[in-house]
Amino acid sequence: MRNYKILPEEKKSILILSVIYFLRMTGMFMIVPVISIYGNHIKDTNEFLIGLSIGIYGITQAFFQIPFGLLSDKFNQKILIYIGLIIILIGSTISYICQSIKGIIFGRFLQGIGAISSPIMTLLFDLTREHLHSKVISFIGFSIGLSFLCSIFLSFYIVNHFGIFNVFSLISFLTFVSMILLYFTPNSKKHIFNRETKIIGNDLLKILFKKNIINLNISIFLLHLILMFSFLSIPLKLIAFNVSKFYNYKLYFLSILISFFISPLIISFCEKTKRIKKLFINSIIFIILSEIFIFYNLSEKFFIISGIQIFFISFNILEILIPSLINKICKAGYKGTAMGIYSTSQFFGVALGGILGGYILHNFEINYLFLTIIVLSIFWLFLIKNIPEPIYVSSVRIMIKNDLYNNLNIKNKLYKIKGIISFLIIPEKNVIYLQIDENKVSVKKIKKLLKK
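Numbering (this note's numbering), first residue to last: 1 to 452.
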């Protein structure tokens, strides 16, 4: 019988690596909410360069996300994480020392190369038992949410008291702390190869051109492009309505905090009532409505504040929903690769959102940025209107013995078991990956039927 209790060594690994993930994500987010407000005080800057300083990080993250993921299966993960953290430290230090917009751009370019998400997750999965991996993912998810909130508070506090360049000195300090913490992380004694958590190079083309997967990758791309547009435009709109720069952070902080509590409740209700497709479509509609609220110069601040709150609730719903849908739609054994492509699409959205948003602000009025968001959201709405209601499945991995695979026609047995949605057999690894409907069949029953 499985022991679901987290062992002391596992607790240590989860805690340390979740903190490292938290510190890294805090550093990544920290410059985004403040650069559009305070960036104009930097010498020789303009709106386009401000947008480029946000987007350049996404470009290098997007290009290095999959390579780091592939390397994490072949090399020591701790060494890869150290390399990534050193690159982030160098980039942050350059941004602080140069004290210029070009220094920020080059520093952010280097920061993005340190794409350590995959090595951290691989090391975490190696240091914990397989049936605890869902808990591990929830810890990492919590650390990302917390880092987003903390970065809002810290960035505005530091900029108001110490100046914008000291944001990078704090990022350098957080990166150095992460390197110290990594030293105390246990070493992986045995690497566990699991296709559901790893990027498989040979599978990239198989996943890349699946219609529903393409639409979901375009969705995460558009969502983060719209987020970057919003971070560039909303603060300027608030200032135009005589909302002080320092009050910006309180508004952001409260809006995001409220959305963190409301979004999971809405998703949970819609999953129970099988209304995920409706929720997806309605969230995009609410993003359009929120931008209209902010776009029109209504006399009451209430409309802008309401628009910001609606935007962040809708954003967080979609941020949770899209990867969940990829996991449900993707066939057994291909989830790790699909999520690698998803992360790359996400960072390309950040990249183009920052660069294109900066270009629009530099060459046109701010309202054109809101109009672009509305047009893109309408296009997005038509793109996903035919997406199917997801099948509610669980992904499992079953180890098989050599003699069992050689002596029995496993494929025929699996086809006959009701409740198995898809499966992938990897004979050389003695493993079967399955997608199952747990209302119809259990893992215990599948194992029993295979042994007969």
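Just so you know, even glycine gets a beta-carbon here, dropped at the ideal spot from N, CA and C.
None of the values given here were measured: they were computed from a predicted structure.
Taking Cβ to Cβ, would you say residue i is nearer than 9 Å to residue j?
{"i": "Glu9", "j": "Pro264", "result": "no"}
{"i": "Gly84", "j": "Gly340", "result": "no"}
{"i": "Ile164", "j": "Val32", "result": "no"}
{"i": "Ser345", "j": "Asn217", "result": "yes"}
{"i": "Ile140", "j": "Cys330", "result": "no"}
{"i": "Phe315", "j": "Leu254", "result": "no"}
{"i": "Phe29", "j": "Ser230", "result": "no"}
{"i": "Ile262", "j": "Ile313", "result": "yes"}
{"i": "Tyr432", "j": "Ile425", "result": "The sequence as given places Ile at residue 432; Tyr does not occur at that position. Contact: yes."}
{"i": "Lys135", "j": "Ile59", "result": "no"}
{"i": "Ser377", "j": "Leu170", "result": "no"}
{"i": "Phe64", "j": "Ile113", "result": "yes"}
{"i": "Lys413", "j": "Leu450", "result": "yes"}
{"i": "Pro390", "j": "Ile276", "result": "yes"}
{"i": "Ile304", "j": "Ile292", "result": "no"}
{"i": "Leu149", "j": "Phe260", "result": "yes"}
{"i": "Tyr57", "j": "Gln111", "result": "yes"}
{"i": "Ile258", "j": "Gln309", "result": "yes"}
{"i": "His161", "j": "Gly349", "result": "no"}
{"i": "Leu352", "j": "Ile360", "result": "no"}
DSSP on residue i, reduced to helix/strand/coil?
{"i": "Leu7", "result": "coil"}
{"i": "Phe75", "result": "coil"}
{"i": "Met25", "result": "helix"}
{"i": "Tyr461", "result": "Here the chain has residues from 1 to 452 only, and residue 461 is not among them."}
{"i": "Ile425", "result": "strand"}
{"i": "Arg108", "result": "helix"}
{"i": "Ile42", "result": "coil"}
{"i": "Ile486", "result": "Past the edges of the chain, shown from 1 to 452, lies residue 486, and the structure says nothing about it."}
{"i": "Thr175", "result": "helix"}
{"i": "Ser99", "result": "Residue identity differs from the one stated: residue 99 is Gln in this sequence, not Ser. In the structure shown, Gln99 sits in coil (DSSP, three-state: anything other than H, G, I, E or B)."}
{"i": "Ala351", "result": "helix"}
{"i": "Asn386", "result": "coil"}
{"i": "Phe260", "result": "helix"}
{"i": "Asn215", "result": "helix"}
{"i": "Thr185", "result": "coil"}
{"i": "Glu319", "result": "helix"}
{"i": "Asn407", "result": "Caution is warranted here: a pLDDT of 44 is assigned to Asn407, below 50, making its placement in the model unreliable, and the coordinate value is therefore given only provisionally. Looking at Asn407 - three-state DSSP - the assignment turns out to be helix."}
{"i": "Ser118", "result": "helix"}
{"i": "Met30", "result": "coil"}
{"i": "Glu365", "result": "coil"}
{"i": "Leu296", "result": "Leu is not the amino acid found at residue 296; the sequence shown has Tyr there. Three-state DSSP puts Tyr296 in coil, outside helix and strand."}
{"i": "Gly163", "result": "coil"}
{"i": "Thr128", "result": "coil"}
For residue i and residue j, which I take to be in contact (beta-carbon distance under 8 Å), what is that distance rounded to the nearest angstrom?
{"i": "Ile398", "j": "Ile421", "result": "The pair is not a contact, with the Cβ atoms about 15 Å apart (cut-off 8 Å)."}
{"i": "Ser219", "j": "Trp380", "result": "7 Å"}
{"i": "Leu251", "j": "Ile266", "result": "Not confirmed; about 22 Å, so no contact."}
{"i": "Gly27", "j": "Thr175", "result": "6 Å"}
{"i": "Ile81", "j": "Leu182", "result": "6 Å"}
{"i": "Lys328", "j": "Val393", "result": "6 Å"}
Can you find a C-beta in chain D that's less than 9 Å from the C-beta of residue i?
{"i": "Glu9", "result": "The structure shown contains no chain D; it holds only a single protein chain."}
Name the one or two DSSP bridge partners that residue i has.
{"i": "Val476", "result": "Given a span of 1 to 452 for the chain in the structure shown, any question on residue 476 remains unanswerable."}
{"i": "Ile420", "result": "Ile436"}
Is any non-hydrogen atom of the ligand ATP found closer than 8 Å to the C-beta of residue i, if you look at the structure I gave you?
{"i": "Ser324", "result": "For the structure depicted, the ligand ATP is absent and the ligand set is empty, with no information on it obtainable."}
Would the region 234-251 and the region 115-123 be scored as touching if the rule is three or more Cβ pairs under 8 Å? no
Pair every Cβ in the region 8-22 with every Cβ in the region 314-334, then say whether three or more of these pairs are closer than 8 Å. no
Assess, as a yes-or-no matter, whether the region 62-78 is touched by the region 90-98 under the definition of 3 or more beta carbon pairs within less than 8 Å. Touching, no, given that fewer than three Cβ pairs across the two stretches are closer than 8 Å.
Would you call the region 369-380 and the region 278-291 in contact, with 3 or more CB pairs under 8 Å? yes
Cβ pair count under 8 Å reaching 3, the region 95-105 against the region 50-63: yes
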